[in-house]
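Shown next, in structure tokens, is the structure this report addresses.
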Amino acid sequence: MLKIALLGFGVVGSGTAEVITENQDRIRRATGDGIEIKYILDLREFPDSPFADRIVHDYNIILNDPEVTLVAEMMGGSHPAYDFTKAALLAGKSVVTSNKEVVAKFGTELLQIADALGVYYLFEASVGGGIPILRAMAHDLASDRIMSVNGILNGTTNYILTRMVEDGISFEAALSEAQQKGYAERDPSADVDGHDAARKIVILCAMAYGVRYNPDEIPVQGIRTVKVEHVKLAAELGCAIKLIGHTAKDAQGKTQLWVAPCAVPNANPLSHIRDVFNGILTDTDMLGQTMFYGRGAGKLPTAGAVVSDMTDIATHPYDSAIAQHWVDGSVIELSDPALEISDYMVCCEGMATKLAEALGAAHFVGCSECGYSAMIVKNTTRKALDAALTSARACATIYRVVCVM
Ligand code: HSE
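First residue of the sequence shown? That's 1 in the working numbering, and the numbers climb one at a time after it.
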């Protein structure tokens, strides 16, 4: 029987206890033995919970108990989650987590400690909630070269953009709805300014290329500047505006890594992902494109992913050859997104027919009702577009077009 401790008894922590209790028979079938929650660390008391007798407030009880060989960290935030994770690994315990902030910021160091001590540090739930993307990348796609990863990695912003597209409501109204429904993070800036998606694409980049960058140092743009008029005109141009996390390798070997609202053509399956769902489109040299789709947040989907890491650990003795080995991002330069060649959608207030001509736009739509126009400019760079807009004394919002190859 695997004896474990949960750190944090909030949404994901209590969901994890629920999954272990409800599906103990399935877990036993997978592991040959079950999982027993011995302790739950939280600042609060939970007198009405069936787990009330497992609540502890002193982390040393867990660290000093040799029977506990696995710790599940679901506290959120960097500290003390990082410190507790490091202490557990140093005490020779495996750690599983849903905490994308800790994985994205400290993953390289924590994986090195885990490897040195022959224990696991697994984090399936940190990206895409319940979607089994990290295990698929680590195992099923292990022999493929990953050409690119594009993902809708934040459910809250996808909900907001879906409401703007389908119901024509403003960004502010849609955000307020998302908050009422409990989708948005406590600080909505983590969602709407792209930081949550940045942490997740940094983890996907590390999985794809073995190189971890600091999520605070990659180019990140959120969705606050997206207007209903842009969304409507994008639809007329056959695109949906989505917040995309992107990583790829360019021809010079530099890493492309950014988060930005993009125009996603209808031919790209990511354009059809609605509401709080997430989708990750991987493109690999042998398999080609594969779409991972599902619930990227929520109590039980995320908890299910946490428990899947536990069952993996219960069934596989530590093997350094299959563990993650990341290096620090300073070893490979990031590409400058302003120099990346792509198609772009340019949205302007007013009927910008002259601008469309000056930019050599391939498609142009205008709306006399809303007073905005939009165009697609093919095969250019953001830098060239910015220069052309400056010389035309024009103001515009630019969206990169994310095509399928
Ligand atoms: N706030 C996040 C989202 C939760 O909306 O996707 C899951 O990381």
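In this text, a Cβ means the ideal position worked out from N, Cα and C, and glycines have one as well.
Check                                                                                                                     : Outcome
For Asp283, the three-state DSSP class (helix, strand or coil)                                                            : strand
Under the three-state DSSP convention, the category Lys242 falls into                                                     : strand
Closer than 7 angstroms: Thr156 CB and nearest the ligand HSE heavy atom                                                  : yes
Proximal residues to Leu339 (C-beta, below 7 angstroms), its chain only, five neighbours per side dropped                 : Thr381, Lys383
Check whether Val202 and Ala104 have beta carbons under 8 angstroms apart                                                 : yes
Any non-hydrogen atom of the ligand HSE within 7 angstroms of Gly129 CB                                                   : yes
Asp196 CB to nearest heavy atom of the ligand HSE below 7 angstroms                                                       : yes
Spatial neighbours of Asp355 in its chain, beta-carbon cut-off 7 angstroms, leaving aside the 5 residues before and after : The amino acid at residue 355 is misidentified as Asp; the sequence shows Leu. Contacts found: Cys348, Ala392, Ala394.
Cutoff 8 angstroms: Ala356 Cβ touching any chain B Cβ                                                                     : Going by chain labels, chain B is absent from the structure shown, which holds only one protein chain.
Beta-bridge pairing of Ala388 - partner residues as DSSP gives them                                                       : In the DSSP output, where bridge partners are listed per residue, Ala388 has none listed.
Segments assigned alpha helix (DSSP H), at least 4 residues, entirely inside the segment 79-164                           : 81-90, 100-117
CA nearest to the CA of Ser330, picked from Lys254, Leu90, Leu161                                                         : Lys254
DSSP state of Pro261 mapped onto helix, strand, coil                                                                      : strand
Buried/exposed call for His230, threshold 16 Cβ in 10 Å                                                                   : buried
Distance CB(Ile223)-CB(Phe171) smaller than 8 angstroms                                                                   : yes
Val228 to Lys378 span [Cα, whole Å]                                                                                       : 23 angstroms
Cβ separation of Leu122 and Thr282, assumed to be a contact under 8 angstroms, to the nearest whole Å                     : Not confirmed; about 19 angstroms, so no contact.
Rounded distance between the beta-carbons of Gly245 and Val226, thought under 8 angstroms                                 : 16 angstroms between Cβ atoms; not a contact.
Same chain, Cβ closer than 6 angstroms to Ala184, neighbours up to 5 away in sequence not counted                         : Thr156, Ala178, Asp191
Residue burial classification, Gln324 (beta-carbon count within 10 angstroms, cutoff 16)                                  : buried
The beta strand (DSSP E) enclosing Val365, as first and last residue numbers                                              : 363-367
8 angstroms Cβ shell around Thr353 - same chain, five flanking residues per side excluded                                 : Phe364, Gly366, Ser373
Distance cut-off 7 angstroms: Gly296 Cβ against heavy atoms of the ligand HSE                                             : yes
Met74 vs Thr16 beta-carbon contact at 8 angstroms                                                                         : yes
Near the ligand HSE: Tyr183 beta-carbon under 7 angstroms from a heavy atom                                               : yes
Asp191: CB within 7 angstroms of a non-hydrogen atom of the ligand HSE                                                    : yes
C-beta atoms of Phe9 and Ile40 nearer than 8 angstroms                                                                    : yes
C-beta contact flag for Lys93 and Val68 at 8 angstroms                                                                    : yes
Residue span of the beta strand (DSSP E) that contains Thr381, given as start and end                                     : Run containing Thr381: none; DSSP gives neither H nor E here.
Cβ-based neighbour list, Val211, same chain, cut-off 8 angstroms, excluding 5 preceding and 5 following                   : Cys205, Thr255, Trp326, Val327, Asp328, Gly329, Val331, Ile332
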